[in-house]
Amino acid sequence: QLLIDLLNFFTSIGGSGPLMFTWAQVKVLRKWGNERMWCAQEFLLCPSLTMQDLILPNGGTPAGTASPASSSSLLNRLQLDDDMDGETRDLFVTVDDPKKHVCTMETYITYRITTKSTRVEFDLPEYSVRRRYQDFDWLRNKLEESQPTHLIPPLPEKFVVKGVVDRFSEEFVETRRKALDKFLKRITDHPVLSFNEHFNVFLTAKDLNAHKKQGMALLTRVGESVKHVAGGYKLRSRPLEFAAIGEYLDTFALKLGTIDRIAQRIIKEEIEYLVELREYGPVYSTWSALEGELAEPLEGVSACIGNCSTALEELTDDMTEDFLPVLREYILYSDSMKSVLKKRDHVQAEYEAKLEAVALRKEERPKVPADVEKCQDRMECFNADLKADMERWQNNKRQDFRQLLMGMADKNIQYYEKAVLWFCTQGFFAFILLWISLVIWRSLEPPC
Amino acid sequence: MEQAAPDPERLLQPAPLEPLSHPDAGLESVVGEEAKGARDEGHGDGTMTESNFSLKKIEISVSEAEKRTGRNAMNMQETYTAYLIETRSVEHSDGQSVLTDSLWRRYSEFELLRNYLLVYYPHIVVPPLPEKRAEFVWHKLSADNMDPDFVERRRIGLENFLLRVASHPILCRDKIFYLFLTQEGNWKETVNETGFQLKADSRLKALNATFRVKNPDKRFIELKHYSDELQSVISHLLRVRARVADRLYGVYKVHGNYGRVFSEWSAIEKEMGDGLQSAGHHMDVYASSIDDILEDEEHYADQLKEYLFYAEALRAVCRKHELMQYDLEMAAQDLASKKQQCEELATGTVRTFSLKGMTTKLFGQETPEQREARIKMLEEQIKEGEQQLKSKNLEGREFVKNAWADIERFKEQKNHDLKEALISYAVMQISMCKKGIQVWTNAKECFSKM
Numbered sequence: 178q179l180l181i182d183l184l185n186f187f188t189s190i191g192g193s194g195p196l197m198f199t200w201a202q203v204k205v206l207r208k209w210g211n212e213r214m215w216c217a218q219e220f221l222l223c224p225s226l227t228m229q230d231l232i233l234p235n236g237g238t239p240a241g242t243a244s245p246a247s248s249s250s251l252l253n254r255l256q257l258d259d260d261m262d263g264e265t266r267d268l269f270v271t272v273d274d275p276k277k278h279v280c281t282m283e284t285y286i287t288y289r290i291t292t293k294s295t296r297v298e299f300d301l302p303e304y305s306v307r308r309r310y311q312d313f314d315w316l317r318n319k320l321e322e323s324q325p326t327h328l329i330p331p332l333p334e335k336f337v338v339k340g341v342v343d344r345f346s347e348e349f350v351e352t353r354r355k356a357l358d359k360f361l362k363r364i365t366d367h368p369v370l371s372f373n374e375h376f377n378v379f380l381t382a383k384d385l386n387a388h389k390k391q392g393m394a395l396l397t398r399v400g401e402s403v404k405h406v407a408g409g410y411k412l413r414s415r416p417l418e419f420a421a422i423g424e425y426l427d428t429f430a431l432k433l434g435t436i437d438r439i440a441q442r443i444i445k446e447e448i449e450y451l452v453e454l455r456e457y458g459p460v461y462s463t464w465s466a467l468e469g470e471l472a473e474p475l476e477g478v479s480a481c482i483g484n485c486s487t488a489l490e491e492l493t494d495d496m497t498e499d500f501l502p503v504l505r506e507y508i509l510y511s512d513s514m515k516s517v518l519k520k521r522d523h524v525q526a527e528y529e530a531k532l533e534a535v536a537l538r539k540e541e542r543p544k545v546p547a548d549v550e551k552c553q554d555r556m557e558c559f560n561a562d563l564k565a566d567m568e569r570w571q572n573n574k575r576q577d578f579r580q581l582l583m584g585m586a587d588k589n590i591q592y593y594e595k596a597v598l599w600f601c602t603q604g605f606f607a608f609i610l611l612w613i614s615l616v617i618w619r620s621l622e623p624p625c
Numbered sequence: 212m213e214q215a216a217p218d219p220e221r222l223l224q225p226a227p228l229e230p231l232s233h234p235d236a237g238l239e240s241v242v243g244e245e246a247k248g249a250r251d252e253g254h255g256d257g258t259m260t261e262s263n264f265s266l267k268k269i270e271i272s273v274s275e276a277e278k279r280t281g282r283n284a285m286n287m288q289e290t291y292t293a294y295l296i297e298t299r300s301v302e303h304s305d306g307q308s309v310l311t312d313s314l315w316r317r318y319s320e321f322e323l324l325r326n327y328l329l330v331y332y333p334h335i336v337v338p339p340l341p342e343k344r345a346e347f348v349w350h351k352l353s354a355d356n357m358d359p360d361f362v363e364r365r366r367i368g369l370e371n372f373l374l375r376v377a378s379h380p381i382l383c384r385d386k387i388f389y390l391f392l393t394q395e396g397n398w399k400e401t402v403n404e405t406g407f408q409l410k411a412d413s414r415l416k417a418l419n420a421t422f423r424v425k426n427p428d429k430r431f432i433e434l435k436h437y438s439d440e441l442q443s444v445i446s447h448l449l450r451v452r453a454r455v456a457d458r459l460y461g462v463y464k465v466h467g468n469y470g471r472v473f474s475e476w477s478a479i480e481k482e483m484g485d486g487l488q489s490a491g492h493h494m495d496v497y498a499s500s501i502d503d504i505l506e507d508e509e510h511y512a513d514q515l516k517e518y519l520f521y522a523e524a525l526r527a528v529c530r531k532h533e534l535m536q537y538d539l540e541m542a543a544q545d546l547a548s549k550k551q552q553c554e555e556l557a558t559g560t561v562r563t564f565s566l567k568g569m570t571t572k573l574f575g576q577e578t579p580e581q582r583e584a585r586i587k588m589l590e591e592q593i594k595e596g597e598q599q600l601k602s603k604n605l606e607g608r609e610f611v612k613n614a615w616a617d618i619e620r621f622k623e624q625k626n627h628d629l630k631e632a633l634i635s636y637a638v639m640q641i642s643m644c645k646k647g648i649q650v651w652t653n654a655k656e657c658f659s660k661m
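As you go down the protein sequences, you meet chains A and B in turn. Note that this note's numbering has the first sequence beginning at 178, numbered continuously upward. Note that this note's numbering has the second sequence beginning at 212, numbered continuously upward.
Below is the structure:
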């Protein structure tokens, strides 16, 4: 029964990495002399045993719980699966393998873009190119120009204050890589944007710079761009749905901003807590040097606090790298959506203005002139595209935030699990604490 | 119930005392049955150690605290807190307790009692009182002596003090202690009548002895170092712990803000709304859970504080030893010099510089009769001195023996208590982690329903 209790105890902690035990714990277990504990000793000695191996048939870990190391990659894969929607996907894009390039003029990072596709638009089934941030920026601008009626996903922030953030640190580069990967995947999922020619070029061209120069010429030839007029137009009436979207985006961005500030504040407080913990633990060690009988338990407490500190540091790093950037991304997203809404308003205003002008000139009735018709078409296309994109965006947003917040909860759970495990596996405490914590566990179990 | 039986000396066993237990549980000092035939020998310096306890078993508790106003020595209005001390006797047969005494005392009276015990039992590590003023506070804790939380913790500390004294094999038999528990009025006068303040060693004398003593017992030197270092490490620990508590409080409380913003956000969402709203509720629960957690930790801090103050008591015993040893050394030195003087006078040689030698040179030799008189006087003084030295030596050795016995007892108690405290601290941490896991798991479930 004790063994089953033990296993249940470990199971209820949830899956998280290999257990680490030392000979001290084994000795303690041996002293118990209970036959069942010999079994416990067997599995406790196995260093590579993971939580998965310990799971009993009746107890299981939820599918969403992943080991800390691979949690982010797992989340990425999960997201891909979600977007499947039962359709067969024919385009896969990944961003990875960041590399630093040092030239005489500058230093910069490139990322490898791998494309796999069965679409006819692609000559080859597979492509692998290297791109830098500038290139992503170019792509986004091109998409905004050529698909003004659609919502273009945001890029991670362009400028970083050189003194404050290290542009070449592993954490910064990894955060950026994830954001760029997200960016391309969002485009890939879009039924219209994914077929955009610039996107194709971006994914396939060996020398993008040559294309960029060509593209400039293209722009002047086409020449029909939606110019953004600063104010000065009135709308008869904005369709309800777009008004609602506008209001929603305002509040949404506000709330996200608040959450961002709260999250930052929490991280700051946690870091200050960490600083104090780092001083706290060693004092117990100092004390244990003075004592005889008390030396072991004091050392035990010192070690536990040390490990809580390490676990806490991991938590704050994770939150800084995985949580905050996604929040900021969505704030940027809603900003860019607001500007698309404004453009839509402008198109509607143009149409209405033209219509009014026609109504004043009595000769043209009842035939509506061609350019007014074209305007109406433009407006209606814009409305349709925008509506479709909004729906898609709402859905993705829900999934993204679901994942993001579950991830945040997960990270906190893992922190506490690591802390508990360390208290329970410290030599002196192992036995007494295992026993006591089993009692606590049972008493704190939520009622079934 | 037996009353005033001939000499019903009750020998308290050093009971496994639970020092700072939960205030709601009625604390008892379980007192063992008297050991027949154990006699208490009166101490040489007239301490009141006759046992007047005629009860088989007593319980002591400091059950209430009350704010009072009164006039102090300078006839000014002051507010102070009084504590109710209740003593109960427990009949063996039916286990029921009967209230035998109940009286009110204030903190200064406890201090008086302790100072008395320090003077009359210098070889005992006298249990410490809880702190006079709140120290090692973090921002939420008030440093105000009138603050109800502080008063409550002090009440527990005072109860603990009384229980420690009552369970000490020697201290429990003291009459003044008994009167403290039973005689409300006039107790102060009774204590002062013992004249203990006069018997107390002056601080200056003690300091002098510490510097000048040549040959103190090595064990006491080690003990002194140990108590110094213990004091410094525990106060460091308490200071950092207070800062840690402060920071942890901040972390938990900021999470409460999530509750509000999630609720506001959920208002504009359709499918996500419910999940967000309920998750926000869990964040509120998380934020408010820190209050209980830190209250428990204060309890742990109080246990450490007691031993911080115990270190001072250890030092006091060491000081007494140094004083006695110094006294002994001075007496021996004095004796040696007198002997030498005597010898010089007898043989006529002046080996060392002396006033007599000077005056002899200046004013001429003294007569043989004068010399004889002086030699006789010195011989008498030497005899006296030798007696004194012998008794001082004996006293010193007795002291060392008794003190060391109590120190060993103290060490056992300390190891036991602190081990328990550390284990309960670890258990607290585990419980906190478990609660954290629970809250975040609930929140995660809410998020999954978004």
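Here a beta-carbon is modelled for each residue, glycine too, at the ideal position from N, C-alpha and C. The model shown is predicted, which means the values in this text are computed figures rather than measured ones.
At least three beta-carbon pairs within less than 8 Å, the region 600-607 of chain B to the region 428-446 of chain A: no
Beta-carbon proximity check, residue 474 of chain B vs residue 484 of chain B, cutoff 7 Å: One-based indexing of the second sequence puts residue 474 of chain B at position 263. One-based indexing of the second sequence puts residue 484 of chain B at position 273. Residue 474 of chain B is not a Cβ neighbour of residue 484 of chain B, given a cutoff of 7 Å.
Whether residue 365 of chain B touches residue 339 of chain B by CB criterion (7 Å): The residue labelled residue 365 of chain B in the question sits at position 154 within the second sequence. The residue labelled residue 339 of chain B in the question sits at position 128 within the second sequence. For the 7 Å CB-CB criterion, residue 365 of chain B and residue 339 of chain B do not form a contact.
Interface flag, residue 567 of chain A vs chain B, CB-CB below 7 Å: Your numbering for residue 567 of chain A matches position 390 in the first sequence. So no, residue 567 of chain A is outside the interface.
CB contact below 7 Å: residue 447 of chain B versus chain A: The residue you call residue 447 of chain B lines up with position 236 of the second sequence. Yes, its Cβ sits closer than 7 Å to a Cβ of chain A.
Proximity test, residue 526 of chain B beta-carbon vs the ligand GDP heavy atom, cut-off 6 Å: What this structure holds is no ligand at all, so the ligand GDP is not there to describe.
Pairwise C-alpha distance: residue 330 of chain A and residue 582 of chain A: In the first sequence, residue 582 of chain A corresponds to position 405, counting from 1. In the first sequence, residue 330 of chain A corresponds to position 153, counting from 1. Their Cα atoms are separated by approximately 20 Å.
Proximity of residue 625 of chain B and residue 593 of chain B at Cβ, strictly below 7 Å: Sequence index remark: in the second sequence, residue 625 of chain B carries index 414 (1-based). Sequence index remark: in the second sequence, residue 593 of chain B carries index 382 (1-based). It is not a contact, given that the beta carbons lie outside the stated cut-off.
Three-state secondary structure assigned by DSSP to residue 602 of chain B: For the purposes of this step, residue 602 of chain B is taken as residue 391 along the second sequence, with counting starting at 1. The answer is helix: DSSP assigns residue 602 of chain B an H, G or I state.
Test: residue 515 of chain B CB closer than 7 Å to a CB of chain A: Numbered from its first residue, the second sequence carries residue 515 of chain B at position 304. No, residue 515 of chain B lies away from the interface with chain A (no Cβ there is under 7 Å from its Cβ).
Beta carbon of residue 521 of chain A nearer than 7 Å to that of residue 563 of chain A: Start at 1 with the first residue of the first sequence, and residue 521 of chain A comes out as number 344. Start at 1 with the first residue of the first sequence, and residue 563 of chain A comes out as number 386. Yes. Within cutoff.
Inter-stretch contact (C-beta, 8 Å, three-pair minimum) for the region 323-335 of chain B and the region 402-416 of chain B: yes
Boundaries of the alpha helix (DSSP H) in which residue 524 of chain A is found, first to last residue: Position 347 of the first sequence holds residue 524 of chain A. Taken as a continuous stretch (DSSP letters only), the alpha helix (DSSP H) holding residue 524 of chain A covers 501-537.
Short Cβ contact (7 Å threshold) for residue 542 of chain B with residue 581 of chain B: Mapped onto the second sequence, residue 542 of chain B falls at position 331. Mapped onto the second sequence, residue 581 of chain B falls at position 370. No.
Contact list for residue 443 of chain A against chain B, beta-carbon separation under 8 Å: Translated into positions along the first sequence, residue 443 of chain A becomes position 266. Result: 462, 465, 466.
Beta-bridge pairing of residue 276 of chain B - partner residues as DSSP gives them: Within the second sequence, the letter at position 65 stands for residue 276 of chain B. Per DSSP, B:294.
Per-residue DSSP class, three states only, for residue 271 of chain A: Residue mapping note: residue 271 of chain A aligns to position 94 of the first sequence, counting from 1. In the structure shown, residue 271 of chain A sits in a strand (DSSP, three-state: E or B).
For residue 531 of chain B, the three-state DSSP class (helix, strand or coil): Taking the second sequence and counting its residues from 1, one reaches residue 531 of chain B at position 320. Look at residue 531 of chain B here: in three-state DSSP terms it is helix.
DSSP three-state assignment for residue 661 of chain B, whether helix, strand or coil: To locate residue 661 of chain B, count along the second sequence from 1; it is residue 450. In the structure shown, residue 661 of chain B sits in coil (DSSP, three-state: anything other than H, G, I, E or B).
Beta-carbon gap between residue 317 of chain A and residue 287 of chain A smaller than 7 Å: On the first sequence, residue 317 of chain A is found 140 positions in, with the first residue counted as 1. On the first sequence, residue 287 of chain A is found 110 positions in, with the first residue counted as 1. Not closer than 7 Å, so no.
Residue 606 of chain B at chain A interface by Cβ criterion, 7 Å: Taking the second sequence and counting its residues from 1, one reaches residue 606 of chain B at position 395. No - not a single Cβ of chain A is within 7 Å of the one on residue 606 of chain B.
For residue 314 of chain B, the three-state DSSP class (helix, strand or coil): Position 103 of the second sequence, counting from 1, holds the residue named residue 314 of chain B. It is a strand residue.
CB-CB length for residue 515 of chain B against residue 632 of chain B, believed under 8 Å: Indexing the second sequence from 1 puts residue 515 of chain B at position 304. Indexing the second sequence from 1 puts residue 632 of chain B at position 421. With a beta-carbon spacing of about 7 Å, residue 515 of chain B and residue 632 of chain B fall inside the 8 Å limit used to define contacts.
Whether residue 304 of chain A touches residue 380 of chain A by CB criterion (7 Å): Stepping through the first sequence from its first residue, residue 304 of chain A is reached at position 127. Stepping through the first sequence from its first residue, residue 380 of chain A is reached at position 203. Contact: yes.
Bounding residues of the beta strand (DSSP E) (the contiguous stretch that carries residue 294 of chain A): Start at 1 with the first residue of the first sequence, and residue 294 of chain A comes out as number 117. That run of the beta strand (DSSP E) goes 284-294.
C-beta contact flag for residue 170 of chain A and residue 436 of chain A at 7 Å: There is simply no residue 170 of chain A to check, as chain A begins at 178 and stops at 625 in what is shown.
When B:500, B:656, B:524, B:630 are compared against residue 642 of chain B, the one with the closest alpha-carbon: In the second sequence, residue 642 of chain B corresponds to position 431, counting from 1. Answer by Cα proximity: B:500.
Minimum Cβ-Cβ distance from residue 582 of chain A to chain B less than 7 Å: By one-based count along the first sequence, residue 582 of chain A stands at place 405. Cβ-Cβ to chain B under 7 Å: yes for residue 582 of chain A.
Whole-angstrom distance between residue 276 of chain B and residue 288 of chain B, CA atom to CA atom: Position 77 of the second sequence, counting from 1, holds the residue named residue 288 of chain B. Position 65 of the second sequence, counting from 1, holds the residue named residue 276 of chain B. In a straight line, the C-alpha of residue 288 of chain B is about 19 Å away from that of residue 276 of chain B.
Other residues of its chain near residue 505 of chain B: CB distance less than 6 Å, five sequence neighbours each side excluded: As a working mapping, residue 505 of chain B is identified with position 294 in the second sequence. Correct list, in chain order: 456.
Chain-ordered chain A contacts of residue 488 of chain B [CB-CB under 7 Å]: Working through the second sequence from its first residue, we reach residue 488 of chain B at position 277. Within 7 Å Cβ-Cβ: nothing; residue 488 of chain B doesn't reach chain A, min ~13 Å.
Meets three-Cβ-pair contact criterion under 8 Å: the region 381-388 of chain B and the region 313-322 of chain B: no
Amino acids of chain B, ordered along the chain, whose beta-carbon sits closer than 7 Å to that of residue 560 of chain A: In the first sequence, the residue the question calls residue 560 of chain A occupies position 383. Those within 7 Å of residue 560 of chain A in chain B number zero; the least Cβ separation is about 21 Å.
CA-to-CA distance, residue 403 of chain B to residue 528 of chain B, given in whole angstroms: To locate residue 528 of chain B, count along the second sequence from 1; it is residue 317. To locate residue 403 of chain B, count along the second sequence from 1; it is residue 192. Cα to Cα, residue 528 of chain B sits roughly 23 Å from residue 403 of chain B.
Proximal residues of chain C, C-beta to C-beta of residue 475 of chain A below 9 Å: In the displayed structure, chain C is absent; the protein chains listed are A and B.
Cβ contact (3+ pairs, closer than 8 Å) linking the region 499-507 of chain A and the region 454-466 of chain A: no
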